[in-house]
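Q: Heads up: the sequence shown runs through residues 199 to 257, numbered per the working numbering. Just so you know, even glycine gets a beta-carbon here, dropped at the ideal spot from N, CA and C. Predicted model, so just to flag it, every value in this text is computed and none were measured.
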Amino acid sequence: MKRFIDPCCPECFNSKDNPCTQFIECCLSGPLCHENPACKEKREAIVQRLAHSPAYRDS
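In structure tokens:
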């Protein structure tokens, strides 16, 4: 997973044909559909890399 929109792992079902209704929230604080610390760490790393300011999620 290198891009914000990439699935975190094979358990992620989000796709063009089957979009996740919680996609944005899942990308920011997920995964929401399954528990996986490695996925969570990968997502957090992407969020931190893309953040324009340290408090952008708090606004």
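With DSSP as the reference, label Ile244 as helix, strand or coil.
A: DSSP places Ile244 in helix when its eight states are reduced to three.
Q: Rounding to the nearest angstrom, what Cα-Cα distance links Leu248 and Glu209 in this structure?
A: The alpha-carbon atoms of Leu248 and Glu209 are separated by roughly 24 Å.
Q: Rounded to the nearest angstrom, how far is the Cβ of Phe221 from that of Asn212, given a contact under 8 Å?
A: Right, their Cβ atoms sit about 6 Å apart.
Q: Roughly how many angstroms lie between the CA atoms of Glu242 and Pro205, to the nearest whole one?
A: Glu242 and Pro205: Cα-Cα distance of roughly 14 Å.
Q: Quick one: using the 10 Å Cβ neighbour count with 16 as the cut-off for buried, is Cys237 buried or exposed?
A: The residue is buried, with at least 16 neighbouring Cβ atoms inside 10 Å.
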